[in-house]
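So the structure is just underneath, and the comments pick up after that.
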Amino acid sequence: DAKTTQPTSMDCAEGRAANLPCNHSTISGNEYVYWYRQIHSQGPQYIIHGLKNNETNEMASLIITEDRKSSTLILPHATLRDTAVYYCIVRGGSGGGADGLTFGKGTHLIIQP
Amino acid sequence: GAVVSQHPSWVICKSGTSVKIECRSLDFQATTMFWYRQFPKQSLMLMATSNEGSKATYEQGVEKDKFLINHASLTLSTLTVTSAHPEDSSFYICSARDPRTANYGYTFGSGTRLTVV
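If you read the protein sequences in the order shown, they are chains C and V. Read left to right, the first sequence gives residues -8 to 104 (our numbering). Read left to right, the second sequence gives residues 2 to 118 (our numbering).
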């Protein structure tokens, strides 16, 4: 699986959009970009994933650059409950077969009141 | 959506004893489940892959005789930490993939906080 690079931490004001970047310059053609988040002392929660097109669901939007070397997770109206560590993970195939996920250090997003 | 239930949510045990952690897929069948460990202020580390009806596969550096995994049914995997020591104190998390879901993402349990005293 391709390596990802994320900022260690970010702050965002409550009610504003939180934009979390992820670099994955070595991503290969069949690898998807997945985003998970982990609220303190809980298991990770799936947010969104994509291959090349931008994606949106009820939680967030995922913007993938045309060369696929980076992406941005957007939380449109951040709330205090969005404070968590956000993980960007690149892996092959939608689901990737029977392999577990490789977690990097992620970005600790802190939403300020 | 897919739900993975993990039990117990926390446990305190004495050094030298064994602790069993259960991971259940509540509304789907999971031929494969995964066990992770997370130390304070660190990321999740994959420990092993649990395969229904066959032996688990362990990541490098994880002792298979210490962390016993049983996946006897399509909805239940158990992790037993044998002869636990204080250094085994950690947050243990299981996950599974529901093949029915369009995103084919992984669903995680809520984790088990193990403290060995």
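The C-beta atom is built at its ideal place from N, Cα and C for all residues, glycine as well. No experiment lies behind these values; they were computed from the predicted model shown.
Between residue i and the rest of its own chain, which residues show a CB-CB distance below 7 Å, the 5 nearest in sequence each way excluded?
i        : result
Val117/V : Cys14, Ser16, Ala85, His86, Pro87, Asp89 and Ser90
Asp99/V  : Ala3, Phe29 and Thr108
Lys43/C  : Ile55 and Arg59
Gly86/C  : Its pLDDT being 49, under 50, Gly86/C is placed unreliably by the model, and the measurement read from it follows with that caveat. Closer than 7 Å at the Cβ level, and outside the excluded window around Gly86/C, lies no residue.
Thr18/V  : Ala85
Asn10/C  : Thr63 and Ile65
Phe68/V  : Met48, Ala49, Leu80 and Val82
Asn48/C  : Ile39
Give me the DSSP bridge partner(s) of residue i.
i       : result
Ala75/C : Leu100/C
Asp2/C  : Ile101/C
Ser61/C : Asn14/C
Ile22/V : Leu80/V
Ile38/C : Answer is none; Ile38/C lacks a bridge partner.
Phe68/V : Val82/V
Gly83/C : Glu22/C
Ile94/V : Tyr37/V
Leu75/V : Paired residue(s): none; Leu75/V is not in a bridge.
Using a Cβ-Cβ cut-off of 8 Å (strictly less than) and excluding sequence neighbours within five positions of residue i, which residues of its own chain qualify?
i         : result
Gly83/C   : Asp(-8), Ser19, Asn21, Glu22 and Tyr23
Thr(-1)/C : Lys96, Thr98 and His99
Thr113/V  : Gln7, His8, Pro9, Ser10, Trp11, Val12, Ile22, Phe92, Tyr93 and Ile94
Leu45/V   : Tyr37, Arg38, Gln39 and Ile94
Gly110/V  : Val5, Ser6, Gln7, Cys24, Ile94, Cys95 and Ser96
For residue i, which residues from the same chain have a beta carbon less than 6 Å from its beta carbon, with the 5 sequence-adjacent residues on both sides left out?
i         : result
Ser26/V   : Val5, Thr76 and Ala97
Ala103/V  : Residue placement at Ala103/V cannot be trusted, given a pLDDT of 47 that sits under 50; what the coordinates show is reported in the next sentence. The answer is none, since no qualifying residue turns up.
Val12/V   : Val20 and Leu115
Ser52/C   : Ile65
Glu46/C   : Ile39 and Leu53
Gly54/V   : none
Thr(-4)/C : Asn14
Tyr25/C   : His40 and Ile80
Ser61/C   : Asn14
Below 8 Å, how does it come out for the stretch 61 to 75 of chain C and the stretch 0 to 8 of chain C: are there three or more Cβ pairs, yes or no? yes
Touching by the beta-carbon criterion (3+ pairs, under 8 Å), the stretch 31 to 46 of chain V and the stretch 71 to 84 of chain V: yes
Output needed in chain order: residues of the stretch 37 to 55 of chain V with a Cβ under 7 Å from some Cβ in chain C. Ser44, Leu45, Leu47 and Thr50
I want to know whether the stretch 95 to 104 of chain C touches the stretch 58 to 69 of chain V - three or more CB-CB distances under 8 Å. Flag = no, the stretch 95 to 104 of chain C and the stretch 58 to 69 of chain V do not touch.
Going along the stretch 59 to 79 of chain V in order, which residues come within less than 8 Å of chain C, judged by CB to CB distance? none
Would you list, in sequence order, the uninterrupted beta strand (DSSP E) runs of no fewer than 3 residues that lie entirely inside the stretch 24 to 55 of chain V? 33 to 39 and 46 to 52
Evaluate the contact criterion for the stretch 36 to 54 of chain V versus the stretch 91 to 102 of chain V: three or more CB pairs, one atom per stretch, below 8 Å. With a cut-off of 8 Å, the stretch 91 to 102 of chain V and the stretch 36 to 54 of chain V count as touching, because enough Cβ pairs lie within range.
Chain-ordered residues of the stretch 97 to 113 of chain V with a beta carbon less than 8 Å from chain C: Arg98, Pro100, Asn104, Tyr105, Gly106, Tyr107, Thr108, Phe109, Gly110, Ser111 and Gly112
Quick one: which residues of the stretch 8 to 40 of chain V get their C-beta closer than 7 Å to a C-beta of chain C? List them in chain order. Those would be Thr33 and Phe35, in chain order.
Could you run through the stretch 39 to 57 of chain C and flag, in chain order, every residue whose CB is less than 7 Å away from some CB of chain V? His40
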